[in-house]
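Taken in order, these protein sequences are the chains called X and A. First residue of the first sequence: 3, per my numbering; consecutive thereafter. First residue of the second sequence: 23, per my numbering; consecutive thereafter. Think of the CB as a built atom: it goes at the ideal place given N, C-alpha and C, for glycine as much as any other residue. Fair warning: this is a prediction, and the values are worked out from it, not measured in the lab. These notes concern the structure reproduced below.
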Amino acid sequence: MDLSIENLNNLHLDVLQEIGNIGAGNAVTALANMINKKVDMDVPSVKILNFSDISAILGGEEIVVSGVYFGITGDIEGNIMFLLDIESAKTLINILMGRDNKTEILDEMDKSALQEIGNILSGAYISSLSSLTGLDIKISVPSLCIDMAGAILSVPAIQFGHTGDKVLLVETVLQDGDNMVTGNFLLIPETSSFPTLLNSLGVYI
Amino acid sequence: MAELGIIQEPGILTTLGLGSCVGVILYDRVVKTGGLAHIMLPSSKQIKNNENKAKFADTGIQLLLDRMLTTGCNKSSIIAKIAGGSQMFLFQNDNDMMKIGQKNVVATKEMLNLLRIPIIAEDTGGNYGRTIEFHTTDGRLVIKTIGHGVHEI
């Protein structure tokens with residue numbers, strides 16, 4: 003049965019939120035271990051947005067962000083995006099590289115480190131999701147893009163443009179203990195995968 | 023995104039952070055009315071849910087042209103400028119989904135060609151976002167990027 007974004011009820015949204023919770027908890031632990039600092043996460047939220055409002059989650063279309071993007075295949079299809087505003091990205095890289103002074107320009111090494119951070123977090127997110135739900139989920143090789151939030155978020159918006167006029171994101175905001183690094187982790191399932199995701203946690207439609 | 027608008031002189035039409043979408047400017051050089059459509063997808067034909075005409079290159083450009091004609095524009099003095107259609111994320115095993123920017127550009131050009139509207143300037147492709155500003159007074163299209171400068175077409 004087809005389930006469009008408009009037809010999701012509160013129980014469905016709760017399940018998607020719980021899926022975010024399962025994945026993000028593990029991802030946050032992975033990040034905390036990597037930078038050896040405390041990392042907090044907010045309760046994940048399921049957001050259903052119009053295309054024109056999608057950039058607002060990052061503070062506006064022209065805010066510069068670092069985005070690491072993955073495709074998900076297997077029992078469910080969709081995408082994962084790990085987003086950091088550019089200042090958070092620089093801070094995170096400096097912590098990882100053990101540099102004191104903050105670099106203003108991210109070089110190729112820094113970019114590849116950002117990609118790797120995204121890779122580790124997404125791997126952690128998907129592996130806990132996969133083991134709890136029993137779904138077989140694979141993620142693609144990551145791709146990094148540092149650019150305007152509007153341009154980066156047009157990618158998942160277009161993915162949903164094929165089926166409707168709204169976007170569904172399971173968003174988790176992560177923040178380190180000193181409030182220096184703030185990131186958004188987005189799970190963006192294809193509409194066609196909603197039933198499988200819901201069934202995996204025992205909700206049948 | 024998936025929207026369109028029209029403005030008369032003097033005015034500026036802007037769309038922020040264009041990625042794989044294409045910004046299509048139609049401009050009547052005589053009455054100095056400008057229109058902007060923010061195209062997300064190439065074609066309305068293969069998609070079931072296609073009520074939002076502004077979303078697609080084929081229906082969006084037609085709708086923009088129709089609206090301009092009702093405000094007193096003359097088709098023979100309308101020209102087009104296009105920008106956007108980049109590929110934000112590069113993947114090794116490139117699937118079709120990822121080349122959507124390129125497809126949007128091709129479909130936009132086909133539609134303008136079909137409507138016999140000349141494209142007098144374009145800034146498309148690449149792997150970066152663009153903010154575009156169209157000035158109806160002189161027909162300038164200003165393109166701003168992160169790390170790829172600011173220029174006019």
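CB of X/Gly163 within 8 Å of CB of A/Met110, strictly: In this structure, A/Met110 does not lie closer than 8 Å to X/Gly163 by Cβ.
Closer than 9 Å between beta carbons: that is the criterion. Which residues of the segment 162-190 of chain X meet it against chain A? Shown in chain order are the members of the segment 162-190 of chain X whose Cβ falls below 9 Å from a Cβ of chain A: Gly163, His164, Thr165, Gly166 and Asp167.
Boundaries of the alpha helix (DSSP H) in which X/Met36 is found, first to last residue: It spans Asn12 to Ile37 - the alpha helix (DSSP H) in which X/Met36 sits, taken as one unbroken run.
In chain order, what residues of the segment 35-66 of chain X put their CB closer than 9 Å to some CB of chain A? Cβ contacts with chain A come from Asn52, Phe53, Ser54, Ile56, Ser57, Gly62, Glu63, Glu64, Ile65 and Val66.
When the distance is taken between beta carbons, is A/Leu38 closer than 8 Å to X/Ile89? For the record, residue 89 of chain X in the displayed sequence is Glu; it is not Ile. With contacts defined as CB atoms closer than 8 Å, X/Glu89 and A/Leu38 fail to qualify as a contacting pair.
Would you identify the three-state DSSP class for A/Val46, choosing helix, strand or coil? For A/Val46, the three-state secondary structure derived from DSSP is strand.
So who's on the other strand from X/Gln117, going by DSSP bridges? X/Gln117 is not bridged by DSSP to any residue.
When the Cα of A/Pro140 is compared with those of A/Lys103, A/Gly148, A/Thr158 and A/Ala59, which residue comes out closest? Closest option to A/Pro140, Cα to Cα, is A/Lys103.
Below 8 Å between beta carbons: does that hold for X/Leu123 and X/Leu33? Contact flag set, yes.
Tell me which residue opens and which closes the alpha helix (DSSP H) that X/Arg101 is part of. Per DSSP, X/Arg101 belongs to no alpha helix (DSSP H) and is neither H nor E.
Is the CB-CB distance between A/Met90 and A/His60 below 8 Å? Result no, Cβ atoms of A/Met90 and A/His60 do not sit closer than 8 Å.
Please tell me whether A/Thr130 has its Cβ less than 8 Å away from any Cβ of chain X. A/Thr130 has a beta carbon lying at 8 Å or more from every beta carbon in chain X.
A/Gly30 bridges to which residues according to DSSP? In the sequence under discussion, the amino acid at residue 30 of chain A is Gln, which differs from the Gly named in the question. Partner residues in the beta bridge of A/Gln30, as assigned by DSSP, are A/Thr55.
May I ask which residues mark the beginning and end of the beta strand (DSSP E) holding X/Met43? Val41 to Met43 is the span of the beta strand (DSSP E), which, as asked, contains X/Met43.
For the beta strand (DSSP E) containing A/Asp145, list its first residue and its last residue. Element bounds for A/Asp145: Ile141 to Thr146.
Compare the C-beta of X/Tyr206 with all C-beta atoms of chain A and state if any pair is closer than 8 Å. For X/Tyr206, the nearest beta carbon of chain A is not closer than 8 Å to its own beta carbon.
Does any residue of chain X have a CB that is nearer than 8 Å to the CB of A/Leu40? Taking a beta-carbon distance threshold of 8 Å, A/Leu40 counts as an interface residue toward chain X.
Quick one: any contact between the segment 26-34 of chain A and the segment 190-206 of chain X, if contact means 3 or more CB pairs under 8 Å? Segments in contact, no.
Going along chain X, which residues have a C-beta under 8 Å from A/Glu155? The premise fails here: A/Glu155 is roughly 12 Å from chain X at the closest Cβ pair, so nothing lies under 8 Å.
For A/Thr153, which residues does DSSP report across the bridge? According to DSSP, which records beta bridges pairwise, A/Thr153 is partnered with A/Lys166.
How about A/Lys77: is its C-beta nearer than 8 Å to some C-beta of chain X? By this cut-off, A/Lys77 is an interface position.
At the level of alpha carbons, what is the spacing between X/Tyr71 and X/Ile148? In a straight line, the C-alpha of X/Tyr71 is about 11 Å away from that of X/Ile148.
Is X/Ile56 a contact residue of the ligand NAP, with contact defined as CB to any heavy atom under 7 Å? As far as ligands go, the structure on display features none, and thus does not contain the ligand NAP.
Between the C-alpha atoms of X/Tyr1 and A/Asp88, what's the straight-line distance to the nearest angstrom? Limits of chain X in this structure are 3 at one end and 207 at the other, which puts residue 1 of chain X out of reach.
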